[in-house]
Structure formats: C-alpha cells, structure tokens
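Residue numbers (this note's numbering): 10 to 167.
Where a beta carbon is used, it is the ideal one built from N, C-alpha and C, also for glycine.
The structure displayed is predicted, hence computed values, not measured ones.
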C-alpha cells in the first residue's frame with residue numbers, strides 16, 4: 010500500500026463533497042468510521058448525529074441530556090461509538106459511555122476520569138481505547154470490561 014503525502018497542492022485540489030445543514034450549533038467532536046462511509050458528531054446541544062457520507066444523509070440523532078456529549082469516536086462496529094460526558098462528572102463519575110446508535114442504548118459506562126475528557130482514540134487492532142483528561146491522566150480501557158486497564162499521567166514530548 011502506498012501512502013500519498015497530504016501537501017498544500019493536494020489540499021488545494023480538494024472540494025466540498027457534501028454540506029450537512031441540519032445543525033447550526035457548535036460541534037464538539039467529529040469522527041469518521043475506519044471502513045464504512047459513516048460520520049458521527051457530538052454537539053453542544055448534547056446530541057449525537059450519525060451520517061451516511063456516501064449519500065449525504067443524516068441517519069439518526071440521539072440526545073444525551075443527563076451526561077451530555079463532548080468527545081466521540083467510532084468503535085470497530087459501524088453503529089457503536091464511545092462518547093465522553095460533559096455533565097455530572099462529579100456526581101456519577103461516568104466519564105465515558107459505550108453507545109449503540111442502532112437501538113439508542115448505553116452498552117457500558119466507564120468510570121475513572123475526574124475532569125473532562127479531551128481526547129479519545131480507538132485501537133485499530135483490538136477492543137482497547139485510550140482517553141486523555143484534564144485531570145492529567147491517560148487511561149487505557151477495554152470495551153468488554155468497564156474497569157480501566159491502565160492509568161498513567163500524561164507527559165509532554167517535543
């Protein structure tokens with residue numbers, strides 16, 4: 010597999026493929042699925058929006074008023090996402106949720122971060138994912154277990 014360099018000329022040659030105008034507020038986070046033509050967003054109104062980007066179509070909108078919707082990323086399954094909470098971190102400790110967009114269910118809660126999660130990343134090879142928080146911790150989780158698998162302090166490298 011050859012890699013294409015994303016340089017200034019490549020970016021200038023790009024054009025808009027679709028405009029989704031169903032929401033005009035602030036979008037907190039966005040993620041594309043690794044294999045499917047899907048896009049998911051988490052917005053300031055605590056909604057999660059699920060799009061088919063091949064057909065420029067909104068597939069579903071769900072609302073998460075209790076915990077909010079801040080950072081979001083797809084899991085390996087095209088209808089499942091991990092979403093970080095914006096509200097009630099102090100009272101519930103439920104900083105992350107594993108959500109099924111198919112039937113609008115929370116499959117699992119992940120407790121551990123004491124402050125807002127600012128980064129989420131799914132492993133490309135297994136059911137692990139990482140989260141980084143304003144509480145200065147980085148955690149590794151497994152989707153199958155609702156306990157943190159590894160926790161450490163974040164570091165800065167130049």
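Could you please give the first and the last residue of the uninterrupted alpha helix (DSSP H) stretch that includes residue i?
i, result
"residue 19", "17-22"
Identify whether residue i lies in helix, strand or coil by the three-state DSSP scheme.
i, result
"residue 99", "helix"
"residue 161", "strand"
"residue 62", "coil"
"residue 54", "coil"
"residue 127", "strand"
"residue 74", "coil"
The beta strand (DSSP E) spanning residue i covers which residue range?
i, result
"residue 140", "137-142"
"residue 41", "36-41"
"residue 83", "81-83"
"residue 91", "89-93"
"residue 118", "114-120"
If I measure Cβ to Cβ from residue i and keep anything under 8 Å in the same chain, skipping five residues before and after, which residues do I get?
i, result
"residue 19", "13"
"residue 35", "52 and 53"
Compute the beta-carbon to beta-carbon distance between residue i and residue j, rounded to the nearest angstrom, for a pair I have assumed lies under 8 Å.
i, j, result
"residue 3", "residue 106", "Not covered by the structure: residue 3. The range shown for the chain is 10 to 167."
Among residues of its own chain, excluding the 5 on either side of residue i, which ones have a beta-carbon nearer than 7 Å to its beta-carbon?
i, result
"residue 68", "59, 60 and 61"
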